[in-house]
Amino acid sequence: MSVLRRNAQIVFALAVLAAPFSGVMPAYWITLFDYIGMSTLVALGLVLLTGVGGMTSFGQAAFVGFGAYTSAALTLDYGLSPWETLPISLLVTGLAALLIGAVTVRLSGHYLPLGTIAWGIAFFYLFGNMPGLGAHDGLSGLPPLKVGAYALTDPRDFFVAVWVAVTFAFVASRNLLDSRIGRAIRVLRRGSTLAESFGAAAAKLKLLLFVYAAVLAGLAGWLYAHFQRAVSPGPFGVVNGVEYLLMAVLGGSGRIFGALLGAAGVTVLRDQLQDLLPHLVGHTGNYETIVFGAILVLILQTAPRGLWPLIAGPPPPPARPAPDGKTSLPTREMPAAGEPLLEAHALLRRFGGLVAVNDVGFALRAGEILALIGPNGAGKSTTFNLLTGAQTLNSGTIVFRGQEHRTMTPQLSARNGVARTFQHVQLLSDMSVLENVAFGGHLRGRAGALRAMIRLDRGEEAMLLAEAHKQIERVGLGEHAHKPAGSLALGQMRIVEIARALVLDPYLLLLDEPAAGLRVAEKKALAGLLRDLRRQGMAVLLVEHDMDFVMSLADRIVVLDFGVKISEGEPQVVRDDPRVREAYLGEAV
Ligand code: ADP
Ligand code: MG
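Residue numbers for the sequence shown follow our numbering, so the first one is 18 and each next one is one higher.
Below, the structure written as structure tokens:
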């Protein structure tokens, strides 16, 4: 059983591919599988968009329409062959997605799915009202696909074309996900701030994913047009958009093979229900839509990860570095100890009437550990967020290595060589420790999506993974590298975040409560690591509640209370400062 489970994807794919040639599969089912293959392409795009990237689209059927109508119009009106229209159809669909995505992908929360419904409906009516596209009747008499002089008119021949396309799409999608860009895409689900804190362009990645999903839908549309040899607006509306989404969700919205399972499940079910339901109800009608809606809700409630994980078990073992992974990634020259690194001048941030950070300033030099302390709500995390651009400054300036910034963004901060951890751990719990950490090196790689899809990124990828592995070893979590990050204890997750920050190769490391949840021995190891980094010339800015930890480690301490700096100096000086003692109201300092 375990062998079968481990190879479930291959077994499943082979069984599907072999079926129509077995001689026992009725022609009717072969045709059904042609449709399943085309739907799989659309669902695959949605798996990436929805399950991986966290964006829901009900409008995917419209992109199928773009692909289908483009090819239909070009073959009928301009006499192009279907093969000649293929790149044009994909390009038109991709451009349409780029324009639509540029305005919709930015929508947050429920507005994005609502936006996709809106343009899904709009394009349905557009297709149906353009005389040039045959209005409601559509276009017919399209040429079939041909290989040489041989026309793929038999559903069995067409089957090969469809499933070759599906295979390419699967390979490209898997390669994309298993890459530097793919990691950044998977990180998007955790929110833009995390992605941008390591220099990934969240908005661009979302648009990339949106366009990629649309191009897969456009490919399905192109196939569809030359299989049906006719197009009409019917199959490109929002009802079909919901069906495609159901396929992605049913199969398993985070796993690419779920798209196949979902497309097969929904297509077969629709087929059966269309026969059965009118019979039961006693009227003709599209009752299957009601059943699909109910299934969608049921799946989301009982198996939100879809059916594929239940069949195939846990995800395949994640990426591993090549054993000889030499790293020649770009590396920063560390400044000499004592060189000015960061100056914060009069930082100010309000939340409504509350001044969370009020006129706070301090300086930090290379090779220095500066601790930021203060009671809860003093403004420590907000100060961190201002320095890293995660929150915007109301006023004040940040000087980093001689360069003055009046505004800061997470991406700029990462490019400057500032790496951070978060007070509330931000890891992808189902991604391995190794991959979480490798994401920290996003800016040290160059390979883009296209190179990743055809695997021209393997050398660089091996180096990124090797670098990640090195930092995981360094923080003492080597034995956990291949476990899902979510399986670690909270204290260990904080350390994983430090490893991820180190892979950025930072000048400055910002740690928000790194020792919280650590045991005594682990705290000692962490202190040792930070001293080590200091020796190499790295600067560390530390928020921490454990006073013994802070007092023994920090070179200097800045104390905040109600957003105001009340004391600054060497640990001994700060410890004896009466204002500090008062702020902590007798807490042991
Ligand atoms: P610390 O990290 O020192 O415990 P924070 O910087 O998190 O403190 O918070 C400082 C103050 O700002 C607190 O009173 C907190 O409630 C408030 N605050 C922080 N973030 C926000 C926010 N996003 N919106 C409104 N108030 C906030
Ligand atoms: Mg805090």
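In this text, a Cβ means the ideal position worked out from N, Cα and C, and glycines have one as well.
The closest CA to that of S190, considering only G216, G132, A60, G158, is found on A60. Per DSSP, the continuous beta strand (DSSP E) segment holding A361 begins and ends at 357-368.
Around the Cβ of M147, a 10 Å sphere holds fewer than 16 other Cβ atoms; the residue is exposed. In this structure the region 183-203 lies against the region 451-469, because at least three pairs of beta carbons, one per stretch, are closer than 8 Å. When DSSP states are grouped into helix, strand and coil, E421 belongs to the strand group. Residue pairing by DSSP puts Y167 in a beta bridge opposite V164. In this structure, R511 lies away from L387, with their beta-carbon atoms at least 8 Å apart. If you measure from each CB to the nearest heavy atom of ligand 2, the residues under 7 Å come out as K397, S398, Q440, D529, E530, V560. Just so you know, the alpha carbons of P37 and D51 end up roughly 10 Å apart. Boundaries of the alpha helix (DSSP H) around I47: 44-63.
Residue pairing by DSSP puts L156 in a beta bridge opposite V248. Scanning its chain for C-beta atoms nearer than 6 Å, with the 5 sequence neighbours on each side dropped, one finds no residue around R418.
With respect to G457, E477 sits apart: the two C-beta atoms are not nearer than 8 Å. Between Y229 and the set F80, P321, T301, R173, the nearest pair of CA atoms involves F80. The Cβ neighbour count for R366, taken over all protein chains shown within 10 Å, is at least 16; the residue is labelled buried. DSSP, read as helix, strand or coil, puts G378 in strand. Within its own chain, the residues whose Cβ lies closer than 7 Å to the Cβ of S209, once the five positions on either side in sequence are excluded, are A219, listed in chain order.
Scanning S446, E356, G580, D171 for the CA closest to the CA of A363 turns up G580.
The alpha-carbon separation between L358 and L381 amounts to approximately 6 Å.
Of the heavy atoms belonging to ligand 1, at least one sits nearer than 7 Å to the Cβ of G391.
Per the coordinates, the alpha-carbon of V204 lies some 7 Å from the alpha-carbon of L211. Buried is the label assigned to K540, since at least 16 other Cβ atoms lie within 10 Å of its Cβ. Straight-line measurement puts the Cα of F309 at about 10 Å from the Cα of L315.
Per DSSP, reduced to three states, the secondary structure at G394 is coil, with no helix or strand assignment.
L451 and L97 have their C-alpha atoms some 49 Å from each other. Counting along the chain, the unbroken beta strand (DSSP E) around S584 starts and ends at 581-586.
The Cβ atoms of W136 and I117 sit closer than 8 Å to each other.
The beta carbon of A152 sits closer than 8 Å to those of G145, N146, all from its chain and outside the five residues before and after it, given in chain order.
Relative to ligand 1, even the nearest heavy atom lies 7 Å or more away from the CB of F379. Residue environment for K221: exposed (fewer than 16 other C-beta atoms within 10 angstroms of its C-beta).
Bounds of the beta strand (DSSP E) holding D529 are 525-529. Distances from the alpha-carbon of L143 to those of Y86, L473, G271 put Y86 closest.
At least one heavy atom of ligand 1 lies less than 7 Å from the C-beta of G394.
Within its own chain, the residues whose Cβ lies closer than 7 Å to the Cβ of L225, once the five positions on either side in sequence are excluded, are A466, listed in chain order. Its chain contains P588 as the residues whose beta carbon lies nearer than 6 Å to that of M568, once the 5 sequence neighbours on both sides are disregarded; these appear in chain order.
Non-local C-beta neighbours of A518 in its own chain, meaning closer than 7 Å and more than five positions away in sequence, comprise A436, R437, T438, G457, L526, ordered along the chain.
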